[in-house]
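Student:
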Ligand SMILES: Cc1cc2nc3c(=O)[nH]c(=O)nc-3n(C[C@H](O)[C@H](O)[C@H](O)COP(=O)(O)OP(=O)(O)OC[C@H]3O[C@@H](n4cnc5c(N)ncnc54)[C@H](O)[C@@H]3O)c2cc1C
């Protein structure tokens, strides 16, 4: 039995005028789904002053890049975004809405699914439409189990793991950019944006970076964290991350936490400094292409998943590494 052609709406994510690369994982998933079912996908960019984001998304084979632009959408306030997504999905007869698995999607897409009365699956890593009924694989229990599930109903809302879908190659054929009108007065107004605490300037976001240097309980205070973890990250032009132990101790902000209850990252290189390798931490970084661990305990579980391990004291090893890696 062949699957029904899919009409997919991909939700673009951006920050500070930059497209979040995780969006391309959702685009890749939509491309595969549409190729397998002779369907088509559109990409929705919500926000204010998003012309360059929309333009960056025109090279991936979308039938249209839809732009819902208004000053009221400057900040990704979930209730407004969810309603626009739901209204567009209905009006354009979508069969799937797909976003990258991220903090933004966790906030917005379940609300959209509820408004659409649609089933929702998060952390999807594979979709098989071949049997006529869609079969999804998704991550469970901090990455320790994979569930194979089906989802009833004509419309599905999904988030996909960026590590499972590599970014597609851009093509020279351009998708049309289409403005969609929104009636701001009809949008919910329950959530008000108040303020935003910026991450430390000059370092990339851990979910976007090619290299992430992360610190654990071995770091005794914020100064040591900045000197060792920040110092190594800066010579490698890397992002910084942290285990929950440091967040709980007030040494690092919550925004840096990697793991089950923090950010999920899949960089080319993840360097774990003084992190034991608890399963909740591994859940956030085990899909990194290469993992390097430095830990003074040779029995630390992090060494079981590390590609390269160094048994040593981070207070001795890391300053030496920084000196060696610093350009002369
Ligand atoms: C529901 C739940 C959700 C959780 N979510 C997360 C999450 O999202 N992210 C997360 O990280 N944790 C999470 N945790 C906590 C997790 O279980 C661990 O407690 C935490 O990851 C431990 O952090 P750590 O590795 O920094 O500390 P520890 O486990 O204490 O490990 C410190 C390591 O540093 C090494 N060390 C000490 N001194 C040095 C030195 N000088 N040089 C080199 N090595 C040294 C030690 O040998 C040890 O291996 C969660 C827990 C629960 C229950």
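Residue numbers (the numbering used here): 640 to 967.
Just so you know, even glycine gets a beta-carbon here, dropped at the ideal spot from N, CA and C.
#1: Can you give me the start and stop residues for the alpha helix (DSSP H) that residue 819 sits inside?
#2: Using alpha carbons as the reference points, say which of 762, 793, 780 lies closest to residue 773.
#3: Could you pull out every unbroken alpha helix (DSSP H) segment of at least 4 residues lying fully inside the stretch 869–946, listed in chain order?
#4: Is there contact here, the stretch 836–856 with the stretch 899–915, by at least three beta-carbon pairs under 8 Å?
#5: Measuring CA to CA, which of 944, 667, 892 is closest to residue 798?
#6: How would the residue list near ligand 1 read, in chain order, if you kept each one whose beta-carbon is closer than 5 Å to any heavy atom?
#7: Between the C-alpha atoms of residue 651 and residue 734, what's the straight-line distance to the nearest angstrom?
#8: Tell me whether residue 640 sits in a helix, a strand or coil according to DSSP, three-state version.
#9: Starting from the N-terminal side, write out each stretch of the alpha helix (DSSP H) that is 4 residues or longer and does not extend beyond the stretch 741–791.
#10: Spell out a yes or no on whether the stretch 715–723 and the stretch 776–789 are touching, meaning 3 or more CB-CB pairs, one atom from each, closer than 8 Å.
#11: Should residue 896 go down as buried or exposed, given a rule of 16 or more other Cβ atoms within 10 Å for buried?
#12: Can you tell me where the alpha helix (DSSP H) holding residue 837 begins and where it ends?
#13: Check residue 966 in the structure and name its three-state DSSP category.
#14: Are there 16 or more other CB atoms within 10 angstroms of the CB of residue 787, so buried, or fewer, so exposed?
#15: Is the beta carbon of residue 676 closer than 8 Å to that of residue 807?
#16: Can you tell me where the beta strand (DSSP E) holding residue 830 begins and where it ends?
#17: If you draw a straight line from the alpha carbon of residue 655 to that of residue 738, how long is it in whole angstroms?
#18: Excluding the five sequence neighbours on either side, which residues of its own chain have a C-beta within less than 7 Å of the C-beta of residue 693, listed in chain order?
#19: Within 10 Å of its beta-carbon, does residue 708 have 16 or more other beta-carbons around it, so buried, or fewer, so exposed?
#20: Taking DSSP as the reference, what is the three-state secondary structure of residue 674?
#21: Here's a check: name, in chain order, each residue in its chain whose Cβ is nearer than 8 Å to the Cβ of residue 964, leaving out the five neighbours to either side.
#22: For residue 689, which of helix, strand or coil comes out of DSSP?
#23: From which residue to which residue does the alpha helix (DSSP H) around residue 862 run?
#24: Span of the beta strand (DSSP E) holding residue 646?
#25: Are the CB atoms of residue 687 and residue 712 nearer to each other than 8 Å?
#26: List the endpoints of the continuous beta strand (DSSP E) containing residue 727.
#27: With H, G and I counted as helix, E and B as strand and the rest as coil, what does DSSP make of residue 795?
#28: Below 8 Å on the Cβ atoms is my contact criterion, and I expect residue 868 with residue 912 to pass it. Report the Cβ-Cβ distance as a whole number of Å.
Tutor: According to the structure data:
#1: The residue given as residue 819 occupies position 180 in the chain shown. Unbroken run through residue 819: none, as it is neither H nor E.
#2: As a working note, residue 773 is residue 134 in the chain shown. Selection 762, 793, 780 evaluated against residue 773 yields 793 as nearest (Cα-Cα).
#3: You should have 870–875, 883–887, 918–924, 941–944.
#4: Yes, since at least three Cβ pairs between the stretch 836–856 and the stretch 899–915 fall closer than 8 Å, the two stretches touch.
#5: Sequence index remark: in the chain shown, residue 798 carries index 159 (1-based). Answer by Cα proximity: 667.
#6: Going along the chain, the residues that qualify are 855, 856, 857, 882, 883, 884, 898, 899, 900, 901, 913, 914, 915, 917, 919, 920, 934, 935, 936, 939, 952, 953.
#7: Position 12 of the chain shown, counted from the start, is the residue given in the question as residue 651. Position 95 of the chain shown, counted from the start, is the residue given in the question as residue 734. The alpha-carbon atoms of residue 651 and residue 734 are separated by roughly 17 Å.
#8: In the chain shown, counting from the first residue as 1, residue 640 sits at position 1. In this predicted model, residue 640 has a pLDDT of only 44, less than 50, meaning its place in the structure is not dependable enough to derive any value.
#9: Taken in chain order, the unbroken stretches of alpha helix (DSSP H) that lie wholly in the stretch 741–791 and span 4 residues or more are 742–755.
#10: Contact between the stretch 715–723 and the stretch 776–789 is absent, because fewer than three Cβ pairs lie under 8 Å.
#11: By one-based count along the chain shown, residue 896 stands at place 257. So residue 896 ends up on the buried side.
#12: For the purposes of this step, residue 837 is identified with residue 198 of the chain shown, where counting begins at 1. Per DSSP, residue 837 lies in no alpha helix (DSSP H) and is assigned neither H nor E.
#13: Indexing the chain shown from 1 puts residue 966 at position 327. DSSP, read as helix, strand or coil, puts residue 966 in coil.
#14: Locating residue 787 in the chain shown gives position 148, where the first residue counts as 1. Counting the other Cβ atoms within 10 Å of the Cβ of residue 787 gives fewer than 16, which makes it exposed.
#15: Locating residue 807 in the chain shown gives position 168, counting from the first residue. Locating residue 676 in the chain shown gives position 37, counting from the first residue. Against a cut-off of 8 Å, the Cβ pair of residue 676 and residue 807 comes out as no contact.
#16: Along the chain shown, one-based indexing puts residue 830 at 191. Counting along the chain, no beta strand (DSSP E) covers residue 830, and no H or E run does either.
#17: Taking the chain shown and counting its residues from 1, one reaches residue 655 at position 16. Taking the chain shown and counting its residues from 1, one reaches residue 738 at position 99. So the two alpha carbons sit approximately 19 Å from each other.
#18: To locate residue 693, count along the chain shown from 1; it is residue 54. Correct list, in chain order: 684, 704, 706, 816.
#19: Walking along the chain shown from the start, residue 708 turns up at place 69. By the 10 Å Cβ count, residue 708 comes out buried.
#20: Start at 1 with the first residue of the chain shown, and residue 674 comes out as number 35. Three-state DSSP puts residue 674 in a helix.
#21: Taking the chain shown and counting its residues from 1, the one referred to as residue 964 is at position 325. Sequence-distant Cβ neighbours of residue 964 in its own chain, meaning closer than 8 Å and more than five residues away, are 871, 874, 875.
#22: For the purposes of this step, residue 689 is taken as the residue at position 50 of the chain shown. Here residue 689 sits in coil by DSSP.
#23: Here residue 862 corresponds to residue number 223 of the chain shown, with the count starting at 1. For residue 862, the enclosing alpha helix (DSSP H) begins and ends at 861–864.
#24: Stepping through the chain shown from its first residue, residue 646 is reached at position 7. For residue 646, the uninterrupted beta strand (DSSP E) run begins and ends at 646–650, by DSSP.
#25: Locating residue 687 in the chain shown gives position 48, counting from the first residue. Locating residue 712 in the chain shown gives position 73, counting from the first residue. Going by C-beta atoms, residue 687 is nearer than 8 Å to residue 712.
#26: Mapped onto the chain shown, residue 727 falls at position 88. Residue 727 -> not in any beta strand (DSSP E); alpha helix (DSSP H) instead, spanning 717–730.
#27: Here residue 795 refers to the residue found at position 156 of the chain shown. Note: residue 795 maps to strand in three-state DSSP.
#28: Counting from one through the chain shown, the residue named residue 868 turns up at place 229. Counting from one through the chain shown, the residue named residue 912 turns up at place 273. Rounded, the Cβ-Cβ distance is 6 Å, consistent with contact.
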